[in-house]
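**Q** Below is the structure I would like to discuss, written out as structure tokens.
Chains as they are written, first to last, in this note's numbering: chain Z, 2 to 177; chain A, 2 to 177.
This is the structure in structure tokens:
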């Protein structure tokens, strides 16, 4: 299942939220090309990307292999420090309960996400783990960064999945 | 820093909550012996342990390397399925925000923990991620399993840490 969307290469001269989110979007395309739910994440530290990953939970058969978890591991390894206070995470969709919690544990500085998720998102959607009253670490999150682009990619992926499943089922039906 | 507590070997004939929690406790001792915060976890499936791990976040420099995350990865790998509906997790302390969220994502069947954590525990302490209203997966948690034993281990670890730090500071003071 090849991703029909093309990667976007932003100017290296403007390191704003759109720049970093575009790289997260490109990671999501990498996920699609591996038949994974297309979610991507990057971690920024002093204007540089020090963690960049996409969802790999299907291909690794590991529910913990979400883009954010993998990017956090990379960033901590790159810094030689598990505390990411001076880092920002950019992810194409609002983080799930596990990844939102991982951002607390890793003491992330700031979070930017694309598509909000009121059902399972845990940096403000279903609950805000970045604001637990008695936690020793809090962080702020900003949603809606390249939301339309990120939403379009996820929507197209699930539409294509449904289409393929319907085709498969139709092929399995006995001839009348 | 060697752990002064000894491992406990329960009867293999009685596979109850105490049996599995004892194995989680033994994993916590493994963590202490690596100078890690002593937290251990095991995952049970049909009476067998299919995941067994201890906290490794300091030695791997990876904030995501908590006992539960590592045990979930092992269990999913062992089953060849990322869905752990028929499994129970046993962990010595109430899971943190990340690990509680991972249990939702991995669709764990049931959770047993030792020491409750009202501040950062997220299966009932600070919040209950196993009961998010719009989540597609819910699970129940039971706290207080071998609570005194598990609490004793954690308490002794932090006391020893404080003692060593005080010794170190005293050695650094200029002679009067």
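Built from N, CA and C at the ideal position, the CB exists for glycine as well. Treat the numbers as computed from the prediction; the structure is a model and nothing was measured.
Residues of chain A with CB closer than 7 Å to the CB of residue 81/Z, please, in chain order.
**A** Under the 7 Å cutoff, chain A gives 62.
**Q** Between residue 98/Z and chain A, is there a C-beta pair that is closer than 8 Å?
**A** Cβ-Cβ to chain A under 8 Å: yes for residue 98/Z.
**Q** Closer than 7 Å, Cβ to any Cβ of chain Z: which residues of the region 121-138 of chain A, in chain order?
**A** Within the region 121-138 of chain A, the qualifying residues are 121, 123, 127, 128, 130, 133, 135, 136.
**Q** When you compare the CB positions of residue 86/Z and residue 110/Z, do they come within less than 8 Å of one another, or not?
**A** Closer than 8 Å, so yes.
**Q** Near residue 31/Z, what residues of its chain come up, given a Cβ to Cβ distance below 8 Å and the 5 sequence neighbours on each side ignored?
**A** 41, 55.
**Q** When you compare the CB positions of residue 70/Z and residue 65/A, do they come within less than 8 Å of one another, or not?
**A** Cβ atoms of residue 70/Z and residue 65/A: closer than 8 Å.
**Q** Whose C-alpha, out of 129/A, 33/A, 24/A, 145/A, is nearest the C-alpha of residue 155/A?
**A** The candidate whose alpha carbon is nearest that of residue 155/A is 33/A.
**Q** In angstroms with no decimal places, state the Cα-to-Cα distance between residue 147/Z and residue 172/Z.
**A** Cα-Cα distance, rounded: 38 Å.
**Q** So the alpha helix (DSSP H) residue 14/A belongs to, where does it begin and stop?
**A** No alpha helix (DSSP H) contains residue 14/A, which DSSP labels as neither H nor E.
**Q** For residue 124/Z, which beta-bridge partners are listed by DSSP?
**A** DSSP output for residue 124/Z lists 129/Z as bridge partner(s).
**Q** Beta-carbon within less than 6 Å of residue 125/A's beta-carbon, same chain only, minus the 5 sequence neighbours each way: which residues are those?
**A** Cβ within range, chain order: 142.
**Q** Once the 5 residues before and after residue 52/Z are set aside, which same chain residues still bring their CB inside 6 Å of it?
**A** Answer for residue 52/Z: 44, 72, 75, 76, listed in chain order.
**Q** Out of curiosity, what's the CA-to-CA distance linking residue 91/Z and residue 11/A?
**A** C-alpha separation (whole angstroms): 47 Å.
**Q** Report the rounded CA-to-CA distance for residue 1/Z versus residue 93/Z, giving the unit in angstroms.
**A** Residue 1/Z lies beyond the range of chain Z shown here (2 to 177); nothing can be said about it.
**Q** Just to confirm my understanding: we take residue 1/A, look at its own chain, exclude 5 residues before and 5 after, and list those with CB closer than 7 Å. What are they?
**A** In the structure displayed, chain A extends from 2 to 177; residue 1/A sits before or after that span and is not available.
**Q** Using a Cβ cut-off of 7 Å, pull out every chain A residue sitting near residue 65/Z, in sequence order please.
**A** Near residue 65/Z (Cβ distances below 7 Å), the residues of chain A are 70, 73, 74, 103.
**Q** Going along chain A, which residues have a C-beta under 9 Å from residue 78/Z?
**A** Within 9 Å Cβ-Cβ: 61, 62, 63.
**Q** Taking only runs that begin and end inside the region 58-110 of chain Z, name each unbroken beta strand (DSSP E) of 3 or more residues, in chain order.
**A** Here the runs fully enclosed are 88-94.
**Q** Whose C-beta lies closer than 6 Å to the C-beta of residue 98/A among residues of the same chain, with five residues either side of it excluded?
**A** These residues qualify, in order along the chain: 123.
**Q** By Cβ distance below 6 Å, which residues in the same chain neighbour residue 20/Z in space, the five residues on each side in sequence not counted?
**A** Closer than 6 Å at the Cβ level, and outside the excluded window around residue 20/Z, lie 11.
**Q** Relative to the C-alpha of residue 145/A, which residue among 174/A, 67/A, 115/A is closest?
**A** Among 174/A, 67/A, 115/A, the Cα nearest to that of residue 145/A is on 115/A.
**Q** Just the Cα atoms here: how many angstroms apart are residue 150/A and residue 4/Z?
**A** Computed Cα separation, rounded: 52 Å.
**Q** Going by alpha carbons, who is nearest to residue 159/Z out of 37/Z, 137/Z, 88/Z?
**A** Nearest option by C-alpha distance: 37/Z.
**Q** Report the rounded CA-to-CA distance for residue 13/A versus residue 23/A, giving the unit in angstroms.
**A** Their Cα atoms are separated by approximately 11 Å.
**Q** Check this for me: beta carbons of residue 101/Z and residue 102/A, under 8 Å apart or not?
**A** Yes.
**Q** Short check: CB of residue 2/Z to CB of residue 168/Z, under 8 Å?
**A** No, they are not a contact pair.
**Q** Of all Cβ atoms in chain D, is any one closer than 8 Å to the Cβ of residue 107/Z?
**A** The displayed structure is made up of protein chains Z and A, and chain D is not among them.
**Q** Given residue 127/A, which residues of its chain have a CB within under 7 Å of its CB, disregarding the five upstream and five downstream residues?
**A** Only 119, 120, 121 meet the Cβ criterion.
**Q** Using alpha carbons as the reference points, say which of 89/Z, 82/Z, 83/Z lies closest to residue 16/Z.
**A** With distances taken between Cα atoms, residue 16/Z lies closest to 89/Z.
**Q** Residue 133/Z: buried (16+ other C-beta within 10 angstroms of its C-beta) or exposed?
**A** Burial call: buried.
**Q** Residue 62/A and residue 81/Z: beta carbons closer than 8 Å?
**A** Yes, the pair counts as a contact, with Cβ atoms nearer than the cut-off.
**Q** With distance defined between alpha-carbon atoms, name the residue in 129/Z, 157/Z, 95/Z, 106/Z nearest to residue 137/Z.
**A** With distances taken between Cα atoms, residue 137/Z lies closest to 106/Z.
**Q** DSSP three-state label for residue 37/Z, please.
**A** Coil.
**Q** What does residue 52/A pair with, by DSSP beta-bridge criteria?
**A** In DSSP, residue 52/A forms a bridge with 44/A.
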